[in-house]
Amino acid sequence: MENLLPDYDIIVVGAGHAGCEAASAAAHLGSKVLLITLDMNKIAQMSCNPAIGGIAKGQIVREIDALGGMTGIITDQSSIQFRMLNLSKGPAMWSPRAQCDRMKFSANWRHSLENTDGLDMWQDDAVSLLIENQQVKGVKTSFGAIFYARRVILTNGTFLNGLMHIGRVSFSGGRIAEPATYGLTAQLKELGFEVGRMKTGTPVRIDGRSIDFSKLTEQDGENDFHCFSFIHFDYTNDLVHRPCYMAYTNERVHEALREGFADSPLFNGTIQSVGPRYCPSIETKLNTFADKNCHHLFLEPEGETTNEFYLNGFSSSLPWEIQLRGLRLIEGFEQVKIFRPGYAIEYDYFPPTQLYHTLETKLIRGLYFAGQINGTTGYEEAAAQGLMAGVNAHLSLHFNKDFILNRDEAYIGVLIDDLVTKGVDEPYRMFTSRAEYRILLRQDDADNRLTPKGYELGLVNENRHNIYIDKIRKRDLLIHYIQNCSVKPEEVNSLLESLNSTPLKQGVKLVEVLSRPQIELSQLFEIIPVLNDFIKAHAIRKEIIEAAEIALKYSGYIERERMLADKLSRLENLIIAGKFNYEELTNLSIEARQKLSKIQPRTIGQASRISGVSPADINVLLILMGR
Numbered sequence: 027m028e029n030l031l032p033d034y035d036i037i038v039v040g041a042g043h044a045g046c047e048a049a050s051a052a053a054h055l056g057s058k059v060l061l062i063t064l065d066m067n068k069i070a071q072m073s074c075n076p077a078i079g080g081i082a083k084g085q086i087v088r089e090i091d092a093l094g095g096m097t098g099i100i101t102d103q104s105s106i107q108f109r110m111l112n113l114s115k116g117p118a119m120w121s122p123r124a125q126c127d128r129m130k131f132s133a134n135w136r137h138s139l140e141n142t143d144g145l146d147m148w149q150d151d152a153v154s155l156l157i158e159n160q161q162v163k164g165v166k167t168s169f170g171a172i173f174y175a176r177r178v179i180l181t182n183g184t185f186l187n188g189l190m191h192i193g194r195v196s197f198s199g200g201r202i203a204e205p206a207t208y209g210l211t212a213q214l215k216e217l218g219f220e221v222g223r224m225k226t227g228t229p230v231r232i233d234g235r236s237i238d239f240s241k242l243t244e245q246d247g248e249n250d251f252h253c254f255s256f257i258h259f260d261y262t263n264d265l266v267h268r269p270c271y272m273a274y275t276n277e278r279v280h281e282a283l284r285e286g287f288a289d290s291p292l293f294n295g296t297i298q299s300v301g302p303r304y305c306p307s308i309e310t311k312l313n314t315f316a317d318k319n320c321h322h323l324f325l326e327p328e329g330e331t332t333n334e335f336y337l338n339g340f341s342s343s344l345p346w347e348i349q350l351r352g353l354r355l356i357e358g359f360e361q362v363k364i365f366r367p368g369y370a371i372e373y374d375y376f377p378p379t380q381l382y383h384t385l386e387t388k389l390i391r392g393l394y395f396a397g398q399i400n401g402t403t404g405y406e407e408a409a410a411q412g413l414m415a416g417v418n419a420h421l422s423l424h425f426n427k428d429f430i431l432n433r434d435e436a437y438i439g440v441l442i443d444d445l446v447t448k449g450v451d452e453p454y455r456m457f458t459s460r461a462e463y464r465i466l467l468r469q470d471d472a473d474n475r476l477t478p479k480g481y482e483l484g485l486v487n488e489n490r491h492n493i494y495i496d497k498i499r500k501r502d503l504l505i506h507y508i509q510n511c512s513v514k515p516e517e518v519n520s521l522l523e524s525l526n527s528t529p530l531k532q533g534v535k536l537v538e539v540l541s542r543p544q545i546e547l548s549q550l551f552e553i554i555p556v557l558n559d560f561i562k563a564h565a566i567r568k569e570i571i572e573a574a575e576i577a578l579k580y581s582g583y584i585e586r587e588r589m590l591a592d593k594l595s596r597l598e599n600l601i602i603a604g605k606f607n608y609e610e611l612t613n614l615s616i617e618a619r620q621k622l623s624k625i626q627p628r629t630i631g632q633a634s635r636i637s638g639v640s641p642a643d644i645n646v647l648l649i650l651m652g653r
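Numbering (our numbering), first residue to last: 27 to 653.
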């Protein structure tokens, strides 16, 4: 019988944020890709808040963009508000965040995928994998269609045996009004995979027409040069920008919500799985922080024109009546109407210690996991994993190579190393505190760290690479000018005195003035005409000016951290994969033998980060390697 369906290099199951980046990356690199999704109208759905970025998450998106991924571009095209968080702190802490039009974000992703050469889509449910001799061969769908491929990437999100809860009401589904998927978990468990269960939740959606905004605190965005994509100036976003709003709970709200605790699946034993520590439900907050008499809430628009608002901070699985009663006791919400209540969802995940750093599974050759299936939470973490899985699936298939980012190279490197080395006991999300080298991993420097790597891979095209080269050339030109340009006391002393900074007694290099913490480069433009003329003559954009200023002001800190990273990198370069049968190394502690045998670390550095492996155990391994 004629086979009507083509064969593929790579099949991606699931078109969430991980699946979209995986399929896009693999196709752009030249693989023939099939993306299977349950609903082509829900591609890259923002199933929780309509925003991208935030603390450390924003850095991840900048890194995705620097490597040639799409999330940053799609975000900029769909943004209705942009903010750079933590500007009052040092640049290592600056984190971009954008409020998006949820529908346009999904539509823009779909447009991008549909116009990517070598990428096909199929709307269906993948119910089983085709496996031969521990090697993946393809997938079978609920329609009975069989697709063959030598690499498969699973990005199933919350859909594997998904179960939703609103009070005592439970129903199956992967998202509200979308079906769960069945079959894959049972098959993978039978193949030897460890399976766990996790929980996440989402807040109530509110009709903005029923809110008295005069009683809330308005939060507007910024209209400066900051964006996610390093090539954002190549296109425009004409969407109307909209503010967010802050509201507060109170004791009356808390009392009303507590009345529903007996019916809450979190407290009555219905939900046994673990939820995200850093995005707790409102009932968890009331239980954990019982002494607090109010909590912040953020009202976020779902789109450019929609009346639908997302109430950040009010994730809940309480009965809908309890949610509504509590909401109407919030100032400004007295007449509130809701489009749908908040709910919790339980889903299957696979502990990520079962993966290599490439995100390929250890048990089945050619099978990759990315996103929430690995126990993470967040669009950004998912997109990063998808990108890396797509790249590695392509490289392994066509070149027998891999692409791994170290912890001193990218937050993406920290994310994946944490997952495969330490595993997860709750939904993992990224924070700046998880990175040892956050001064090196700044959002402004993501292109300098990663665009050459993306170009070498073939994911960064010639145009994007030329933009990067031009930026670095102009940045270094400006740095050289500032280091060598002299200024006289009469040019800068009035500014210095106005900022309570010690005035100059003699001429100095401009860099010495800029190094003072009170001084910003923008202030010097106004009083030093030759500097302003230099910037205009060389068409140096504001983002390049910022990059130069950070490099100059923080050069000492950056250099010191780079030296530390280089010193510790020797452990990361000591490959131990496949060199030891740990169970036979009796000089190691019993716990170390067990953990090392399970995780099979790639390097000594990775081994040192495994919980239960002591410095003494590491020394034993170093001795055995002749170090």
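Just so you know, even glycine gets a beta-carbon here, dropped at the ideal spot from N, CA and C. In this text the structure is predicted, and so the values were computed from the model without any measurement.
Check for me: the beta strand (DSSP E) holding residue i runs from which residue to which?
| i | result |
| --- | --- |
| Met414 | No beta strand (DSSP E) contains Met414, which is instead part of the alpha helix (DSSP H) from Tyr405 to Phe425. |
| Pro367 | Segment: none, Pro367 is in no beta strand (DSSP E) and carries neither H nor E. |
| Val39 | Tyr34 to Val39 |
| Thr228 | Gly222 to Asp233 |
Where residue i and residue j are concerned, what is the direct C-alpha to C-alpha distance, given to the nearest angstrom?
| i | j | result |
| --- | --- | --- |
| Val165 | Val178 | 8 Å |
| Gly116 | Thr211 | 45 Å |
| Ile232 | Ile36 | 40 Å |
| Met110 | Arg501 | 21 Å |
| Ile430 | Ile630 | 15 Å |
| Ser520 | Ile570 | 27 Å |
| Ala203 | Phe185 | 12 Å |
| Ser154 | Leu381 | 20 Å |
| Pro122 | Lys83 | 8 Å |
| Lys448 | Ile561 | 47 Å |
| Glu357 | Ser73 | 27 Å |
| Ser512 | Val518 | 11 Å |
| Gln85 | Arg468 | 7 Å |
| Glu482 | Pro302 | 37 Å |
| Ile545 | Tyr580 | 13 Å |
| Gly200 | Ser342 | 17 Å |
| His267 | Thr228 | 24 Å |
| Leu547 | Gly533 | 18 Å |
| Pro543 | Pro529 | 14 Å |
| Glu334 | Ser168 | 34 Å |
| His252 | Cys320 | 33 Å |
| Asn67 | Ala51 | 21 Å |
Check this for me: beta carbons of residue i and residue j, under 8 Å apart or not?
| i | j | result |
| --- | --- | --- |
| Ala53 | Gly144 | yes |
| Gly401 | Met651 | no |
| Asp150 | Ile78 | no |
| Pro306 | Thr314 | yes |
| Asn613 | Val646 | yes |
| Trp120 | Ile69 | no |
| Val230 | Phe324 | no |
| Asp665 | His258 | The structure shown does not extend to residue 665, since the chain is modelled only from 27 to 653, so the question has no answer here. |
| Gly222 | Pro377 | yes |
| Val537 | Ile508 | yes |
| Glu47 | Leu413 | yes |
| Asp91 | Ser255 | yes |
| Pro205 | Glu244 | no |
| Leu540 | Leu578 | yes |
| Pro453 | Thr226 | yes |
| Gly42 | Thr181 | yes |
Buried or exposed: which applies to residue i, given that a residue is buried once 16 or more other Cβ atoms fall within 10 Å of its Cβ?
| i | result |
| --- | --- |
| Val440 | buried |
| Leu113 | exposed |
| Glu386 | buried |
| Arg318 | Looking at the sequence provided, one finds Lys at residue 318 rather than Arg. Label assigned to Lys318: exposed. |
| Asn510 | exposed |
| Glu248 | exposed |
Assuming residue i is part of the alpha helix (DSSP H), what are its boundary residues?
| i | result |
| --- | --- |
| Trp120 | Taken as a continuous stretch (DSSP letters only), Trp120 belongs to no alpha helix (DSSP H), as it is neither H nor E. |
| Pro555 | Pro555 to Ala563 |
| Glu598 | Ser581 to Glu598 |
| Ser459 | First-last for Ser459: undefined, no H or E at that position. |
| Ile106 | That residue, Ile106, is in no alpha helix (DSSP H); its beta strand (DSSP E) goes Ser105 to Leu111. |
Consider the Cβ of residue i: report whether some Cβ of chain B lies at a distance smaller than 8 Å.
| i | result |
| --- | --- |
| Ala396 | Although the question refers to chain B, the structure presented lacks it and comprises just one protein chain. |
Complete runs of the alpha helix (DSSP H) confined to the region 467-555 [at least 4 residues]: 472-483, 488-510, 515-524, 536-540 and 547-553
Beta strand (DSSP E) runs contained entirely in the region 270-342, provided each spans 3 or more residues: 270-274, 322-327 and 334-341
In chain order, what are the residue ranges of uninterrupted beta strand (DSSP E) at least 3 long that sit wholly in the region 56-84? 59-63 and 77-79
Let me know the alpha helix (DSSP H) ranges lying completely inside the region 119-176, each 4 residues or longer, listed in chain order. 128-140
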